[in-house]
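Residue numbers (our numbering): 326 to 940. Where a beta carbon is used, it is the ideal one built from N, C-alpha and C, also for glycine. Please read these numbers as outputs of a predicted model, since none were measured by experiment. Below you'll find the structure, written out as structure tokens, and then a few comments.
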Ligand code: F6R
């Protein structure tokens with residue numbers, strides 16, 4: 326989605342804005358631009374396509390002012406073009422906007438009637454017109470913003486400057502995130518921490534309908550009526566080095582390799598590593614608000630809501646919680662859940678999963694559950710993100726910054742957390758013996774080193790990727806806990822390699838998809854040795870007999886499986902429940918190498934954005 330950066334301070338705004346926009350590239354965009362003060366006027370430079378084109382245009386531009394705003398645009402209203410790129414400028418006002426102004430048609434009509442001339446096809450430009458109309462009478466940017474804020478409907482985060490007030494920057498939002506970073510005598514405002522961290526880790530997240538007023542070196546937080554609000558800065562312990570490629574060709578590959586550490590960092594706060602047992606404090610004692618004294622023995626149902634890869638991780642919660650805790654678990658796609666009038670019970674504990682913590686549908690689902698009054702536990706990677714702030718209890722993936730648009734380490738960290746959560750709930754509900762607890766805790770603690778060993782498939786996939794690029798279709802299959810991994814494997818290939826791929830529950834093949842199978846179809850079979858192994862092998866044989874080429878993932882040296890497969894990948898023997906954590910890694914590597922071989926942009930696949938802040 327779009328990215329915003331604003332700067333007020335002693336440095337060259339051009340440098341801060343360009344480095345900020347570079348840090349936001351991973352969110353996905355199709356054009357970019359900046360407006361920076363120079364000789365008392367806002368000078369705007371914009372370019373379609375990659376940031377490099379903007380940088381090229383800015384090479385010979387100098388600015389003497391210390392105020393500027395910048396934007397990476399991901400087109401919603403109006404095609405990707407320089408004309409539609411932000412900032413939008415009207416008579417000395419300049420704005421950058423993320424989100425969608427839902428009542429733009431009506432607002433634009435009124436402006437047109439008043440004689441406004443629009444130069445772009447965007448919904449965003451009208452905000453510049455509205456503010457411009459107001460500053461004519463208020464002669465003050467903040468007052469103008471407070472006047473127009475009630476007119477805007479939809480999702481927006483906006484930063485605006487006015488050349489008549491060269492030391493003022495105003496930011497406001499409803500929906501997409503906006504963060505103010507407090508440096509020494511300087512402020513960086515951005516839609517994402519990554520753009521702020523090189524300058525400061527002291528931040529304030531704006532809440533909806535709050536207005537940040539930065540004037541000279543003062544900061545004021547206001548509500549939409551203009552009343553001053555108290556605020557506290559938070560300190561974020563991520564650093565900007567974590568957001569570098571660290572010697573890898575792509576962020577995604579780096580993040581795949583970071584997974585053993587990410588999983589360890591996710592689970593350690595919830596475990597006692599000396600006694601090999603669960604540390605229940607994180608679940609029992611960290612609830613807030615109405616659920617401060619929650620009695621988790623009363624939970625009768627678990628609901629999981631998320632989107633995309635986070636949803637697939639959430640699917641595993643159903644297998645693990647139902648088998649260990651023996652209560653029903655429902656897993657829902659947030660965009661479906663929010664519009665289907667779901668039945669919500671008070672004794673339902675809801676898990677809301679989101680790497681970014683900002684996905685619009687997931688946030689809306691959280692708010693819907695909140696209205697019903699039930700307890701909500703969030704699992705996020707970005708601390709202080711909207712979902713993290715609005716939940717009643719917060720768990721963290723602790724995976725570190727995830728830059729690659731295709732989620733990898735957040736997926737494995739989430740699975741590990743959900744496993745620990747299922748054990749913790751089982752223990753609280755007296756469904757887990759101490760022996761079972763010790764065995765499972767030891768097993769999950771051993772997973773990072775097993776995950777290290779499967780990273781070795783990197784060179785295998787680098788070698789065979791050119792063969793895989795010729796394949797017409799990919800079918801990923803698995804049963805039980807392997808089924809969500811089949812879905813995730815197929816998603817990774819779709820989003821990176823732009824190849825058709827499907828994930829299927831292997832037992833479903835006879836109900837239709839078997840008709841797809843011929844010698845142009847590659848079947849990727851997840852066949853680790855567990856109680857469903859024999860059934861999985863029969864499904865594999867059905868596909869093989871019909872001519873499919875097989876890549877199989879099994880446990881250890883399995884001669885039979887090898888003999889049925891074109892390629893056999895031996896996974897280490899791990900605790901049965903935990904195979905998903907090792908078997909997804911080869912699938913990520915497969916998608917990565919096929920995409921690289923095809924020359925695709927692995928870190929920023931076409932049409933996709935990292936943080937989906939509009940529905
Ligand atoms: C796929 C991917 C997406 C996200 C989805 C939800 O690789 O990354 O499917 O998982 O957009 O994002 P979060 O977890 O930030 O809510």
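Classify residue i as buried or exposed, calling it buried when 16 or more other Cβ atoms lie within 10 Å of its own Cβ.
{"i": "residue 670", "result": "exposed"}
{"i": "residue 836", "result": "exposed"}
{"i": "residue 802", "result": "buried"}
{"i": "residue 684", "result": "buried"}
{"i": "residue 559", "result": "exposed"}
{"i": "residue 377", "result": "exposed"}
{"i": "residue 864", "result": "buried"}
{"i": "residue 686", "result": "buried"}
{"i": "residue 888", "result": "exposed"}
{"i": "residue 580", "result": "buried"}
{"i": "residue 668", "result": "exposed"}
{"i": "residue 413", "result": "buried"}
{"i": "residue 617", "result": "exposed"}
{"i": "residue 663", "result": "buried"}
{"i": "residue 440", "result": "exposed"}
{"i": "residue 781", "result": "exposed"}
{"i": "residue 965", "result": "No statement about residue 965 is possible, as the shown extent of the chain runs from 326 to 940 and does not include it."}
Taking residue i as the reference, which of the options has the closest Cα?
{"i": "residue 851", "options": "814, 327, 716 and 742", "result": "814"}
{"i": "residue 840", "options": "856, 940 and 867", "result": "867"}
{"i": "residue 824", "options": "795, 426, 387 and 876", "result": "795"}
{"i": "residue 682", "options": "727, 912, 465 and 648", "result": "727"}
{"i": "residue 936", "options": "371, 376 and 502", "result": "502"}
{"i": "residue 534", "options": "562, 471, 580 and 544", "result": "471"}
{"i": "residue 402", "options": "427, 497, 907 and 756", "result": "427"}
{"i": "residue 666", "options": "657, 672 and 674", "result": "657"}
{"i": "residue 614", "options": "715, 604 and 530", "result": "715"}
{"i": "residue 363", "options": "386, 343 and 607", "result": "386"}
{"i": "residue 680", "options": "672, 620, 731 and 689", "result": "731"}
{"i": "residue 379", "options": "359, 391, 368 and 366", "result": "359"}
{"i": "residue 819", "options": "916, 744 and 406", "result": "916"}
{"i": "residue 498", "options": "723, 914, 367 and 425", "result": "425"}
{"i": "residue 524", "options": "505, 532, 883 and 541", "result": "505"}
{"i": "residue 833", "options": "933, 861 and 431", "result": "861"}
{"i": "residue 361", "options": "373, 374, 557 and 343", "result": "343"}
With which residues is residue i paired in a DSSP beta bridge?
{"i": "residue 366", "result": "363"}
{"i": "residue 373", "result": "356"}
{"i": "residue 493", "result": "540"}
{"i": "residue 704", "result": "678 and 720"}
{"i": "residue 398", "result": "356"}
{"i": "residue 631", "result": "658"}
{"i": "residue 383", "result": "In the DSSP output, where bridge partners are listed per residue, residue 383 has none listed."}
{"i": "residue 498", "result": "482"}
{"i": "residue 422", "result": "483"}
{"i": "residue 328", "result": "397"}
{"i": "residue 507", "result": "512"}
{"i": "residue 605", "result": "BP columns for residue 605 are empty, so no partner."}
{"i": "residue 336", "result": "According to DSSP, which records beta bridges pairwise, residue 336 is partnered with nothing at all."}
{"i": "residue 392", "result": "333"}
{"i": "residue 415", "result": "418"}
{"i": "residue 850", "result": "802 and 877"}
Considering only their Cβ atoms, is the gap separating residue j from residue i smaller than 9 Å?
{"i": "residue 457", "j": "residue 486", "result": "no"}
{"i": "residue 495", "j": "residue 396", "result": "no"}
{"i": "residue 371", "j": "residue 410", "result": "yes"}
{"i": "residue 520", "j": "residue 938", "result": "no"}
{"i": "residue 875", "j": "residue 799", "result": "no"}
{"i": "residue 446", "j": "residue 404", "result": "yes"}
{"i": "residue 717", "j": "residue 702", "result": "yes"}
{"i": "residue 350", "j": "residue 417", "result": "no"}
{"i": "residue 691", "j": "residue 628", "result": "no"}
{"i": "residue 928", "j": "residue 576", "result": "yes"}
{"i": "residue 787", "j": "residue 918", "result": "yes"}
{"i": "residue 646", "j": "residue 751", "result": "yes"}
{"i": "residue 899", "j": "residue 768", "result": "yes"}
{"i": "residue 355", "j": "residue 408", "result": "no"}
{"i": "residue 897", "j": "residue 806", "result": "no"}
{"i": "residue 773", "j": "residue 589", "result": "yes"}
With hydrogens ignored, establish whether the beta-carbon of residue i is closer than 8 Å to any heavy atom of the ligand MG.
{"i": "residue 679", "result": "In the structure shown, the ligand MG is absent; the only ligands present are the ligand F6R."}
Item to check | Sequence ranges, alpha helix (DSSP H) only - wholly within the region 517-588, length at least 4 | outcome: 576-582
Checklist entry - Can you give, in chain order, each stretch of the beta strand (DSSP E) that sits fully within the region 649-694 and has at least 3 residues? => result 654-658 and 673-679
Next on the checklist: Suppose only complete runs of 4+ residues qualify. What are the alpha helix (DSSP H) ranges in the region 758-838, listed by chain order?
Outcome noted: Runs of the alpha helix (DSSP H) inside the region 758-838: 759-779, 782-793 and 808-822.
Next on the checklist: To test your reading of the DSSP string, which unbroken beta strand (DSSP E) runs of 3 or more residues are found completely within the region 875-917?
Outcome noted: Counting whole runs of 3 or more residues, the region 875-917 contains the beta strand (DSSP E) stretches 892-896.
Checklist entry - Whole alpha helix (DSSP H) runs in the region 432-471 with 4 or more residues, listed along the chain? => result 450-463
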